[in-house]
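Going by this note's numbering, the letters in the sequence shown line up with residues 42 to 157, in that order.
Report on the following structure.
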Amino acid sequence: MSEVFAFTDKDVESVRRCIQAIAEGPFLPDWEFATVMGFKRQELQDWLALDVFEIEGDAMKMAIAAMNNLSGYPHGKNEELEDMTNLARNEIRPLLVKFKKAKGLEPSSSYFDNLV
(Lines of atoms letter the chains of each structure in order from A and count residues from 1; the text may use other names and numbers.)
(Lines give C-alpha, C1' and ligand atoms only; values in the text may rest on other atoms or scores of the structure.)
Protein backbone atom coordinates (compact mmCIF):
# COMPACT_ATOMS: atom_id res chain seq x y z
CA MET A 1 0.00 0.00 0.00
CA SER A 2 1.38 3.43 -0.86
CA GLU A 3 1.43 6.25 1.66
CA VAL A 4 -2.17 5.67 2.61
CA PHE A 5 -1.60 8.16 5.38
CA ALA A 6 -2.76 7.67 8.97
CA PHE A 7 -5.60 5.55 7.73
CA THR A 8 -6.14 2.06 8.99
CA ASP A 9 -6.73 -0.81 6.58
CA LYS A 10 -10.39 -0.59 7.63
CA ASP A 11 -10.49 3.11 6.63
CA VAL A 12 -8.98 2.35 3.24
CA GLU A 13 -11.53 -0.40 2.65
CA SER A 14 -14.34 1.95 3.74
CA VAL A 15 -13.23 4.55 1.18
CA ARG A 16 -13.14 1.88 -1.52
CA ARG A 17 -16.64 0.69 -0.55
CA CYS A 18 -17.89 4.28 -0.77
CA ILE A 19 -16.51 4.64 -4.29
CA GLN A 20 -18.05 1.29 -5.24
CA ALA A 21 -21.40 2.21 -3.68
CA ILE A 22 -21.66 5.52 -5.54
CA ALA A 23 -20.57 3.85 -8.81
CA GLU A 24 -22.89 0.85 -8.59
CA GLY A 25 -25.66 1.93 -6.25
CA PRO A 26 -28.92 3.83 -6.57
CA PHE A 27 -27.71 7.01 -4.88
CA LEU A 28 -27.39 9.32 -7.89
CA PRO A 29 -29.61 9.29 -10.96
CA ASP A 30 -27.78 8.53 -14.22
CA TRP A 31 -28.83 11.82 -15.80
CA GLU A 32 -26.96 13.88 -13.19
CA PHE A 33 -24.22 11.49 -12.10
CA ALA A 34 -21.38 13.09 -14.08
CA THR A 35 -22.47 16.61 -13.13
CA VAL A 36 -22.63 15.87 -9.41
CA MET A 37 -19.60 13.56 -9.23
CA GLY A 38 -17.30 15.20 -11.76
CA PHE A 39 -16.75 11.75 -13.33
CA LYS A 40 -18.79 9.37 -15.39
CA ARG A 41 -20.03 6.26 -13.61
CA GLN A 42 -17.89 4.11 -15.93
CA GLU A 43 -14.73 5.98 -14.91
CA LEU A 44 -15.28 4.97 -11.29
CA GLN A 45 -16.04 1.39 -12.29
CA ASP A 46 -12.86 1.26 -14.41
CA TRP A 47 -10.78 2.50 -11.49
CA LEU A 48 -12.36 -0.04 -9.16
CA ALA A 49 -11.37 -2.83 -11.58
CA LEU A 50 -7.66 -1.99 -11.15
CA ASP A 51 -5.65 -4.25 -8.88
CA VAL A 52 -3.80 -1.33 -7.31
CA PHE A 53 -5.62 0.78 -4.77
CA GLU A 54 -3.86 4.13 -4.65
CA ILE A 55 -5.80 7.20 -3.64
CA GLU A 56 -3.98 9.82 -5.68
CA GLY A 57 -4.92 12.19 -8.49
CA ASP A 58 -8.31 11.39 -9.97
CA ALA A 59 -8.86 8.58 -7.47
CA MET A 60 -8.51 11.09 -4.63
CA LYS A 61 -11.14 13.31 -6.28
CA MET A 62 -13.38 10.26 -6.81
CA ALA A 63 -13.06 9.34 -3.14
CA ILE A 64 -13.89 12.85 -1.94
CA ALA A 65 -16.85 13.14 -4.31
CA ALA A 66 -18.15 9.68 -3.38
CA MET A 67 -18.03 10.29 0.38
CA ASN A 68 -19.39 13.82 0.00
CA ASN A 69 -22.38 12.71 -2.07
CA LEU A 70 -23.14 9.61 -0.03
CA SER A 71 -23.27 11.73 3.12
CA GLY A 72 -24.68 14.99 1.73
CA TYR A 73 -26.74 14.37 -1.40
CA PRO A 74 -30.45 13.88 -0.57
CA HIS A 75 -30.67 10.33 -1.97
CA GLY A 76 -32.99 8.98 0.74
CA LYS A 77 -31.46 5.50 0.48
CA ASN A 78 -29.79 5.15 3.86
CA GLU A 79 -30.55 1.45 4.27
CA GLU A 80 -29.01 0.60 0.89
CA LEU A 81 -26.06 2.82 1.78
CA GLU A 82 -25.37 0.92 4.97
CA ASP A 83 -25.77 -2.43 3.19
CA MET A 84 -23.22 -1.44 0.52
CA THR A 85 -20.65 0.36 2.68
CA ASN A 86 -21.09 -1.15 6.16
CA LEU A 87 -21.26 2.48 7.32
CA ALA A 88 -24.19 4.53 8.53
CA ARG A 89 -24.67 7.78 6.63
CA ASN A 90 -23.50 9.81 9.65
CA GLU A 91 -20.21 7.83 9.74
CA ILE A 92 -19.19 8.84 6.22
CA ARG A 93 -18.70 12.58 6.79
CA PRO A 94 -16.10 11.98 9.59
CA LEU A 95 -14.31 9.54 7.27
CA LEU A 96 -14.22 12.26 4.59
CA VAL A 97 -12.79 14.78 7.07
CA LYS A 98 -10.15 12.27 8.20
CA PHE A 99 -9.28 11.48 4.58
CA LYS A 100 -8.87 15.15 3.63
CA LYS A 101 -6.75 15.89 6.70
CA ALA A 102 -4.52 12.92 5.95
CA LYS A 103 -4.08 14.18 2.39
CA GLY A 104 -3.13 17.66 3.58
CA LEU A 105 -6.40 19.16 2.34
CA GLU A 106 -8.61 21.57 4.23
CA PRO A 107 -11.49 19.57 5.72
CA SER A 108 -14.98 21.01 5.62
CA SER A 109 -18.28 19.78 6.94
CA SER A 110 -20.17 21.61 4.18
CA TYR A 111 -21.51 19.57 1.28
CA PHE A 112 -20.90 22.44 -1.14
CA ASP A 113 -17.33 23.08 0.02
CA ASN A 114 -16.48 19.45 -0.73
CA LEU A 115 -17.73 19.39 -4.33
CA VAL A 116 -14.87 18.55 -6.68
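All C-beta atoms, glycine included, are put in the ideal place defined by N, C-alpha and C.
Burial state of residue i (16 or more Cβ within 10 Å)
i           : result
alanine 129 : exposed
serine 151  : exposed
alanine 90  : exposed
Residues near residue i by beta carbon distance below 7 Å, same chain, minus five either side
i            : result
aspartate 50 : none
leucine 146  : none
Straight-line gap, residue i to residue j (C-alpha atoms, nearest Å)
i                : j             : result
methionine 125   : serine 112    : 13 Å
tryptophan 88    : isoleucine 63 : 13 Å
glutamate 65     : proline 148   : 26 Å
glutamate 132    : valine 138    : 11 Å
aspartate 99     : glutamine 86  : 13 Å
phenylalanine 48 : leucine 136   : 10 Å
lysine 144       : glutamine 61  : 20 Å
glutamate 121    : glycine 79    : 23 Å
Contacts around residue i, its chain only, beta-carbon distance under 6 Å, and the 5 residues preceding and following it disregarded
i          : result
lysine 142 : Pro148
Expected contact under 8 Å - CB spacing of residue i and residue j to nearest Å
i              : j                : result
asparagine 110 : valine 77        : 6 Å
histidine 116  : phenylalanine 68 : 4 Å
Neighbourhood of residue i by C-beta, 8 Å cutoff - its chain only, sequence neighbours within 5 removed
i         : result
lysine 81 : Phe74, Ala75
In the stretch 104 to 148, which residue ranges form an unbroken alpha helix (DSSP H) of at least 4 residues, counting only runs that do not cross its ends? 119 to 126, 130 to 143
Tell me the start and end of each unbroken alpha helix (DSSP H) in the stretch 66 to 102 that is at least 4 residues and wholly inside, in chain order. 71 to 78, 82 to 89
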